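Per our numbering, residue 26 is the first one in the sequence shown, and the count goes up by one each step. Every residue, glycine too, gets a C-beta built ideally from N, C-alpha and C. Small disclaimer: the values here were computed from a predicted structure and weren't measured.
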Amino acid sequence: MYHSHTSNAFDGESYPQLRPQPTFKAVDSIYENRLRQFIDTDGQYKDLNLPKLYNRHRVCLSNVEKPENTDNEGIWLQKWSAPGLTKPLFKDVIPDKLKEFEFCKPGKPIIMSPKWSSHWFQVHIKISKDWYNDIKTEKHKREVFTFLWDAGCEAMVFDLKGCPLQGLTGDGERTECEIPIDWFASNKSNTHYETTFYIECGCNSMFGSGGDTYGVRICEIVQYNYQAKALYYDFLVLSDAARENAAPQKHKAREICNRIMDVFDPNDVSSIDKGRKIATEFLGSNVDSSAVFKEKKLNKFNAVYAIGNCHIDTAWLWDFATSKTKIARSWSTQLRLIEKYPEYVFVASAAQHFKWLIQYYPDLYKKVKKAVTDGRFIPLGGSWVENDTNLPSGEGLVRQFLIGQRYFQHLFGRKSDIFWLPDSFGYSSQIPQICRLCEIPKFLTQKLSWNNINVFPNNSFNWVGIDCSQVMVHMPPDNTYTADANFGDVKRSVLNHHNLYDDQKGMLLYGKGDGGGGPTPAMVEKLRRCRGFADTAGGEFPQVEMGPTVNDFYNELSKDTDNGKKLPSWRGELYLEYHRGTYTTQAKVKNYMRTVELSMHNVEYFATFASVLNKKYKYPLAKIESLWEKICLCQFHDVLPGSCINKVYGEDVWPMLDKVVKQESKLLDEALKVFGVSTKKDDKHKHLVKMSSLPWKKSSISSISYLPNYLLSVSQKISDDKYLIKFHGSTLLKPMMSKIKYPSTISELENGLFELQNSKLKALINKDGIVVKLFDLVNNKQLINNDEMIGGNQYVMFSDTPLNFPAWDTELYSLNKFKYVSKATKCSIKMKGPLLSALEVVHELSPTSKITTLISLEGLNHLDEISAIKFKCSVSWNENYQFLKVQFPVNISNDFASYETQFGITKRPTHFNTSWDVAKFECCMHKFVDFSDYNYGVSILNNNKYGGSVHGNVITLSLLRSPKYPDEKADIGDHYFEYAILPHSGPLGVSTVHAGWEFNERAPSELYVTSEMKDELSKLEDIVSVSGDEGIILSNIKRGEDDFDVDYTNGLMTNLPKKFVGSQTIVLRVYESLGGISEGYIKLGLPIKKVHKTNLLEEEKEELKVNSNGFRFKLRAFEIATFKVVL
């Protein structure tokens, strides 16, 4: 068939017949390697390529000492150093300290030291009138004054009113700050315009101290050639495409880049425009504006949502004080990006950071709040800080959200619906339920991409907790939360996605992080060009979208997957196969955390009772809230896990938590005073008692200083002024008035073994402190397995030299290199019953470390009482990359063990069948780990430890580590801890759960009540009582957050309304602890008006029927339930 000619048809007549000159084929590798020359600022050809034309005008530090001494352009600095390591605010420095500022002498080094100190500069700039007019009249479109500053350390630019303008990082990173032209307008002469502003420098790099001395390296003001800079970004993205994109587009991108280089003339500025025109062939014509994102509709089957974020570690290689400045530096910088780029949206987490901003930079907060209102600056996360989720108690995790969500509501009128936790070290199996109960259905992390054994198989999925609650999860496929927004980052955000069968979009988290900073203008410019490339060049490269929020991404994900039904699910914990040493490192902070959490349990319990029984006593809600803020702050994911520098612990965390302990003790004393109870015996307070916030019957033995004569016959003297007394009860425990029925005894046998015995348990212990046999006399069981080890309570020193991060990591190969701690240097009977028998054993762990262990067994009044062999240790520890553990080989066989987690149990394998099983060679636990078969089991309790494992038939508890980075003194010093071995009949049961709580209770060992109140105290046990299935645990009692009659003086969240005015509310939290559907009944000893089931934020969800001054409820396995009782 004949086709007519068109204008595009091959024209044989015009096609040359002869080709006398040859044309070579471009060599791909050579033409690709050439590309780096064009934008290389340090290469040998920089003056022949684009960098030569970056700057139109530049002014540096003047060589004249003072500005009034010259008519020339220049920059002058005056410097003032804050005393010591103080970090004064702008209002403390300007204007009061201006007289102390000194001019920096021309030609002399400008030095700042020592590390962590603060230094202030007054910057005076003088520019020519002509230069000012060039910028003012936009002679060169879009060109501005850019101030360059690099002192090798972090800095912040302030305006004359003291509001932060922008942060500067130093060391070549974020050294530019655009200066508003109106800063010059108020100070002008016939020939010059001038301005003055201030810079605060902190002697620390972005990632910590970085050195002891810093100096000003660059101080300039420049006018960049906008088109040259734009061509730089054009070329950067196109050259990345030439290297990283797939054929055929990569080859065309290479050809375009080479053509740009060929037309460029370093002596002809107009050649820049030629290069930019060539770039449009693959980038389109809209990359200089946000219009590039509107040119074509987003293809949801190959889309990337770019989210600007700034991960600021609340403490890590720097202290809390430095973080406060990092927040201002970072967020002020992001506000400038919001002003400059209409498509830019920024997200920020951690309610604590907003509180600090209000406290220290209130003017900046006002700007942030406006940006929040405009939808450009988005607070999210829901928690007080980006916390660790392995180590905090259940109630500790609840308070992260209770305070965090309420604070966001207080500030912005809304809560977060996403738990934003990109950088924590593994995720507890109860996080999905806790999130859903805090009105959070979404979760984001990326840390599992750090796994060092297995590749986590999902990016978008449903995470299902141990109670079957779920959250929708996205893990950004670029495997980072600090992307530089390069071509490859966008590409990997889809290419690396493990769930493309289910959904074809990924989120890209870009911005400088960890040490703060956030996105840069360069990142936005690159993303504009990445979108232009995708829309123009076509191919497999995904479209990147800016402007939509995190919520928009999850909304689309939900819509495209039938509300998540099409997404795969992952049940149980998200175990990070990395950073396993964080369960143990910095034992002191972990002991503090266990103590303050459990002490708060006591405070809230008795303060609640005091406030509803005595109207003169006001529940100290504001003080309790303030203490929880500090506790939650110290749960930050580098603080509690132990991966901060020594300065953080020694100067911030330990003093803070020590103060919390003292304040908790004071609050408890004040609450108990309402009941006539005192910690001191005097003429008024005579009657010995104990009080417990654990509302079940129990017995305990305590050391008493002031023994009433009537108890002498039932006591055990342990020193000249100390006696042991056995108490029994629930909330009120009274001294046992009769002699112990089954006394504890200890004796040394002829074979050299020591026998501890109380008619229920019998332990045989050798002279090295090894429990070689442990008999359950009631059930006729012997628990210790001697096949491969001598016995239990075997201390083991492991070599602990991880591959990468000493404080964070312990590696699999360390299990192969260990030494048993064998010979004891001392073994002697310390106590001989009848209430407590004990053996003291001393081991030299090394020439520099020693452990003293008191092995004890208590006497019993009933054989159904909980009975355990207890080990109380004091350690002098000075080791170098050693890991101390204790092991118990037992006669139990099962393929899983049960590790207590928040509000429940996480089961983990005891074998190494798969690489996933191998990865869990070190695991997290809370108050106990249990290893049971159908007939029998053994629990190991602890009072402040979090790491351990069960493999084969050996239960291991991790005790102490000795890493040298980032804190070279980590764990060096004295330590005190306790653990116990608790045999029990049958599988894991409530006896272990109760024993774990009791072993950890932080309550005064002796209290004294007045005669008038002695008989009244027993009524406390009737205020709240729980019955029903035994696995139900009443975990917390407190007053309602929104009650009107509490003491909320200086409280944090004053914008939230009060509820149930005229009434009082009690909040009760229960959980199912063993993994079974349960039913229960809660009865109150006070008249009830209403009962509501609430979420963890104490928002009423369902009104329950009141029946006989109580109410019934049902729980799923491991369900957490909160009830608000209106009195």
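Near residue i, which residues of its chain fall below 7 Å by C-beta distance, leaving aside the five closest residues on each side in sequence?
i: Gln819; result: Ile795, Tyr845, Val911, Gln912
i: Gly557; result: Leu308, Gly309, Asn311, Val312, Val317
i: Lys994; result: Asn671
Contact defined as beta carbons within less than 8 Å: I believe residue i pairs with residue j. What is the distance between those atoms, to the nearest angstrom?
i: Ile1058; j: Tyr1096; result: 6 Å
i: Leu462; j: Asn1134; result: About 26 Å; that fails the 8 Å criterion.
i: Lys351; j: Gly536; result: Incorrect: roughly 13 Å between the Cβ atoms, too far for contact.
i: Glu1127; j: Lys1118; result: 4 Å
i: Asp290; j: Ser138; result: Incorrect: roughly 47 Å between the Cβ atoms, too far for contact.
i: Trp105; j: Phe126; result: 5 Å
i: Ile224; j: Val182; result: 6 Å
i: Thr171; j: Val118; result: The Cβ separation is near 25 Å, so there is no contact.
i: Ala696; j: Ala647; result: Contact flag wrong, Cβ pair sits at about 15 Å.
If you follow the beta strand (DSSP E) that residue i is part of, which residue opens it and which one closes it?
i: Thr398; result: Segment 387-398 is the alpha helix (DSSP H) holding Thr398; no beta strand (DSSP E) there.
i: Leu422; result: Premise fails: Leu422 lies in the alpha helix (DSSP H), 419-437, not in any beta strand (DSSP E).
i: Tyr535; result: 530-535
i: Phe913; result: 907-914
i: Gly513; result: It is not in any beta strand (DSSP E) - Gly513 instead sits in the alpha helix (DSSP H) that spans 512-520.
i: Asp175; result: 170-175
i: Gln191; result: 189-193
i: Gly1053; result: 1049-1053
Across which residues does DSSP place residue i in a beta bridge pair?
i: Met137; result: Tyr239
i: Gly929; result: Thr926
i: Thr1035; result: His710
i: Cys226; result: His144, Ala180
i: Gly972; result: Cys949
i: Thr770; result: Gln782
i: His753; result: Ser724, Lys759
i: Thr981; result: Gln912, Ser974
Suppose contacts are defined by Cβ-Cβ distances below 8 Å. Is residue i in contact with residue j by that definition?
i: Val515; j: Leu533; result: yes
i: Glu689; j: Val637; result: no
i: Phe216; j: Trp174; result: It is Thr, not Phe, that sits at residue 216 in the sequence shown. The answer is no: Cβ separation not under 8 Å.
i: Val294; j: Leu78; result: yes
i: Tyr1220; j: Leu713; result: Residue 1220 is absent from the structure shown; the chain starts at 26 and stops at 1152.
i: Thr1017; j: Asp955; result: yes
i: Phe661; j: Ala340; result: yes
i: Leu552; j: Val569; result: yes
i: Ala1146; j: Gly1100; result: no
i: Asn415; j: Gly451; result: yes
i: Val979; j: Pro914; result: yes
i: Cys659; j: Leu682; result: yes
i: Pro60; j: Ser348; result: For the record, residue 60 in the displayed sequence is Leu; it is not Pro. No; because the gap between Cβ atoms is not below 8 Å, this pair is not in contact.
i: Val329; j: Lys643; result: no
i: Leu599; j: Ser485; result: no
i: Ser526; j: Leu114; result: The sequence shown places Tyr at residue 526, not Ser. Taking 8 Å as the Cβ cut-off, Tyr526 and Leu114 do not qualify as a contacting pair.
i: Asp492; j: Ser449; result: no
i: Val393; j: Asn334; result: no
i: Asn616; j: Asn969; result: yes
i: Glu883; j: Ser769; result: yes
i: Asp155; j: Gly177; result: no
i: Gln907; j: Phe823; result: yes
i: Ser853; j: Thr877; result: no
Quick one: what's got a C-beta closer than 8 Å to residue i's C-beta in the same chain, skipping five residues either side?
i: Met26; result: Because the pLDDT at Met26 is just 46, under 50, the model does not fix this residue reliably, and the value given afterwards should be weighed accordingly. Result list for Met26: empty, nothing under 8 Å.
i: Asn740; result: Looking at the sequence shown, residue 740 is not Asn but Ser. Ile729, Leu732, Tyr748, Leu749, Ile750, Leu860.
Excluding five sequence neighbours on each side, which residues of the same chain lie with their C-beta closer than 6 Å to the C-beta of residue i?
i: Lys672; result: Asp344
i: Glu168; result: Gln248, Tyr251
Give the range of the alpha helix (DSSP H) segment to which residue i is assigned.
i: Leu582; result: 575-585
i: Glu203; result: Segment 201-204 is the beta strand (DSSP E) holding Glu203; no alpha helix (DSSP H) there.
i: Pro1008; result: No alpha helix (DSSP H) holds Pro1008; the beta strand (DSSP E) holding it covers 998-1010.
i: Leu652; result: 646-658
i: Glu622; result: 612-638
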